[in-house]
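Down below is the structure, laid out as structure tokens.
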Amino acid sequence: MIGSGLDLAATVSGTLSPGAAALITDSRVSSLHSASAVAALEEAGWWVTGVFEFPAGETSKSLDSYGDLVRRLARSGLGRDGTVFALGGGVVGDLGGFVAATYARGVDLVMLPTTLLAMVDSSVGGKVGVDLPEGKNLVGAFARPRLVAANLDWLSTLPERELRNGLAEVIKMGLLAGGRFFDDLSLIPRAAAGDPAALETLVLHSVRFKAGVVAEDEREGGRRAILNYGHTIGHGLEAAAGYAMPHGEAVSLGMAAEARLSRERLGADLVSLHEDLLGSAGLPIRAPALNPDAVLTAMGRDKKRRAADAADTYRFVLLEGVGAPRWDIPVQAEEARRAMEAIVA
Ligand code: NAD
Ligand code: ZN
């Protein structure tokens, strides 16, 4: 359920019978939105056993926070028939979702995404989990929420940089989808400025598109891989920067480089289209400090690589045209390096 001014109490009541609810959220979102969420749940007849908060930020998506949360749930007496409500961005959704998938061998999960990234991406598709010091998202599960409810008003408190982060995924999906979704990417500048109608249109397109892709291939045996467009180099950039670079900015740069690979390999010249769209969201298309060798090294450690591939071969999603992605395309390190060199500022 997606909408401006979404009535959370009515939305939850329309889908689920009330019971015991544990609200998991982070310190930042809690101060902004947990009181109204608790009030809505109580209005809908739920018994809120507690607001389980952890410090905001990716470093909380850890086994330590996971252990801490499940123990706090146990001490609160939440039973198997309880429901976890995860109120927050992708970190809360991934961590809270993993708690719901595993606590008491699994309790019901409701996602209440509050960042644009969580609304368009992480709350759709059932992947939940935590990071290890050895790598991001290395421990996790597939967990289907009973309900995902996104009140677009929550975005009004989101910092502009976080909004742009989510827009990188929206642009990615519009390029993959083509059609009306792609045409509506003309709304990106308005969405970047916080226009609710533009945001609503783009969130709806994104959720429909991602849900459609995931429904066909939940476990990523094939086509779900297209969602990694811009992410092969993007993840390499993030890892090489020690995760100091925001994900959306890394994906933006990744798409700028991978558009060049698409041109080389598939003959589709979408480079200036990418630059215009990403630029219209205020996202970067040039990286001053990019070190292609460090990025290639980080790409070599990616968990999505195939064991059978040669050390200098990487698998890419490339675009044959707007709305025409191809996946699993082997690319040599040398070609990937040239594509990255082209985006060094
Ligand atoms: P996040 O959850 O850390 O949120 C970003 C920041 O915004 C945090 O400081 C948060 O407290 C704050 N915030 C959240 N909502 C707010 C609001 N309404 N107003 C003001 N501040 C608010 O980060 P994110 O970008 O939402 O998510 C990133 C995470 O999502 C990563 O861990 C990534 O791995 C994961 N992810 C998962 C999937 C999936 O399929 N499961 C897909 C994409 C990304
Ligand atoms: Zn992403």
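Each residue of the sequence shown is one higher than the one before, starting from 1073 at the first, in my numbering.
Ideal Cβ placement from N, Cα and C applies to all residues, glycine included.
Model, not experiment: these values are computed from the prediction.
First and last residue of the uninterrupted alpha helix (DSSP H) at residue i
i: V1286; result: P1268 to E1288
i: T1304; result: H1303 to A1312
i: D1365; result: P1364 to G1372
Cutoff 6 Å; reference residue i; Cβ partners in own chain excluding five residues on either side
i: N1223; result: L1078
i: G1372; result: none
i: A1128; result: D1098, S1099 and R1100
i: I1401; result: F1388 and L1390
i: L1210; result: L1204
i: Y1175; result: V1142 and L1145
i: E1321; result: P1356
i: A1417; result: R1358 and P1360
i: A1405; result: L1368 and D1384
i: R1216; result: G1198
i: M1327; result: G1302 and H1346
i: G1250; result: V1394 and G1395
i: M1191; result: P1185, A1222 and V1275
i: Y1138; result: V1202
Distance cut-off 6 Å: residue i Cβ against heavy atoms of the ligand ZN
i: V1323; result: yes
Where the beta strand (DSSP E) through residue i begins and ends
i: P1341; result: One point to set straight first is that residue 1341 is Asp, not Pro, in the sequence displayed. D1341 -> no beta strand (DSSP E), and no H or E assigned at all.
i: A1396; result: A1396 to Q1404
i: L1078; result: Neither: L1078 is in no beta strand (DSSP E) and is coded neither H nor E.
i: Y1386; result: T1385 to G1393
Closer than 6 Å: residue i CB and nearest the ligand NAD heavy atom
i: V1220; result: no
i: D1098; result: yes
i: S1108; result: no
i: G1197; result: yes
i: A1190; result: yes
i: D1255; result: no
i: E1234; result: yes
i: V1275; result: no
i: A1286; result: According to the sequence shown, residue 1286 is Val rather than Ala. Incorrect: V1286 has no Cβ contact closer than 6 Å to the ligand NAD.
i: L1345; result: no
i: D1193; result: yes
i: A1128; result: yes
i: L1230; result: yes
i: V1242; result: no
i: W1226; result: yes
i: T1369; result: no
i: K1133; result: yes
i: D1136; result: no
i: T1304; result: no
i: G1154; result: no
i: E1186; result: Here residue 1186 turns out to be Thr, not Glu, going by the sequence shown. T1186 Cβ: within cutoff of the ligand NAD.
i: V1389; result: no
i: D1166; result: yes
i: V1163; result: yes
i: V1084; result: no
i: V1101; result: yes
7 Å CB neighbourhood of residue i in its chain, flanking five on each side removed
i: L1274; result: V1242, D1256, L1259 and A1263
i: G1197; result: K1282 and V1286
i: V1120; result: A1093, L1095, V1110, L1113 and E1114
i: V1123; result: L1095, T1097, S1102, S1106 and V1110
i: G1090; result: Note on identity: in this sequence residue 1090 is Pro, with Gly being the wrong assignment. Excluding sequence neighbours, P1090 sits near A1116, G1117 and W1118.
i: S1076; result: L1224, D1225, P1268 and E1272
i: D1289; result: R1295 and R1296
i: R1378; result: R1387
i: G1354; result: R1236 and A1264
Chain D within 7 Å of residue i, Cβ atoms only
i: A1176; result: Among the chains in the structure shown there is no chain D, since it carries only a single protein chain.
Close beta carbons around residue i, own chain, < 8 Å, minus the five adjacent residues each side
i: I1298; result: L1248, V1285, V1389, P1397 and W1399
i: D1381; result: R1387 and P1402
i: R1177; result: R1152
i: I1082; result: According to the sequence shown, residue 1082 is Ala rather than Ile. So the list reads A1116, once near-sequence residues are dropped.
i: L1219; result: M1073, T1083, V1084, T1087, L1088, V1182 and M1183
i: E1413; result: P1364
i: L1342; result: L1247, A1331, S1334, R1335, L1391, G1393 and V1394
i: H1319; result: L1189, N1237, A1240, G1306 and E1310
3-residue-minimum beta strand (DSSP E) runs that sit fully inside the region 1083-1120, ordered along the chain: 1092-1098
Segments assigned beta strand (DSSP E), at least 3 residues, entirely inside the region 1195-1269: 1199-1204 and 1207-1214
Inter-stretch contact (C-beta, 8 Å, three-pair minimum) for the region 1165-1172 and the region 1100-1115: no
Segments of 3+ residues assigned as beta strand (DSSP E) that fall wholly inside the region 1129-1183: 1155-1160
Three-pair Cβ contact test at 8 Å for the region 1227-1235 versus the region 1199-1211: no
Touch test, the region 1331-1341 against the region 1363-1372, Cβ-Cβ under 8 Å, three pairs minimum: no
The region 1346-1362 contacting the region 1237-1250, beta-carbon criterion three pairs below 8 Å: yes
The region 1153-1160 in contact with the region 1131-1138 per 3-pair CB rule at 8 Å: no
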